[in-house]
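Here is the structure we will look at, set down as structure tokens.
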Amino acid sequence: MLKNAKEMFAESLKKMLQQKTLDHITVKDIVEDCGVSRQAFYYHFSDIYDLVEWIFIEESSAALAKNRDIDTWKQGYCHVLQRMQENKNLVLNSYRSISREYLEAFMYRVLYQVIYPVVEEQATGLNVEAKHKKFIAHFYSLAVVSVGIDWVRTGMKEKPEDIADQVATLVQGDFIKALKKYAK
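Quick note, the sequence shown lines up with residues 0 to 183 if you use numbering that gives the first Met the number 0.
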């Protein structure tokens, strides 16, 4: 095999999502499409939702590479939205099949990993307790996730660049402003 098994299963699932929803795809469908045994699938994933999560993690990791500081976080967020749009069927079917909470939790984990380092960087030279820095990152992560979920809910029609610009405009300077309020 030229591709690793996980990538092969991911491609198969994405292809099937062009034709039907996630809740109508089985492990049997995927392994038959790939020409492998069910055991091969279960060696890598516990179920289809585990495969979906792996795809989301792989896509977001690639999108966020090197975009975790004050100057590049917007670009990282834009990349996440672009990857979501590139995988529109997967995202929309996950949103509709898995539940909104699953997608929200996943997006939160991803975006918190982008936002917290930015808050840490902005806190340099300020005496701010860790719990306050975590809360600031938590607050903004929830806000950004809500914007992203609304974008998914409405069919992902708006350009990712436009959403990232709007979010960046709203939060520009807010991290440092909030940190200064918590500084001792």
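Positions of the beta carbon are idealized from the N, C-alpha and C atoms, including for glycine.
It should be emphasised that the depicted structure is a prediction, and the values quoted were computed from it without experimental measurement.
- Under the 10 Å beta carbon count, Ala129 is surrounded by fewer than 16 other beta carbons and is classified as exposed.
- Within the same chain, Met106 come within 6 Å of Gly147 by CB-CB distance, once the 5 residues on both sides are set aside.
- For Val144, the enclosing alpha helix (DSSP H) begins and ends at Ala129 to Arg152.
- Between Glu100 and Arg82, the alpha-carbon positions lie close to 20 Å from each other.
- Around the CB of Ile29, 16 or more other CB atoms lie within 10 Å, so the residue is classed as buried.
- Judged by DSSP secondary structure, Asn126 falls outside any alpha helix (DSSP H); it is assigned neither H nor E.
- In this structure, DSSP gives Asn92 a helical state, which the three-state scheme calls helix.
- In this model, Glu10 and Glu57 are separated by some 13 Å (Cα to Cα).
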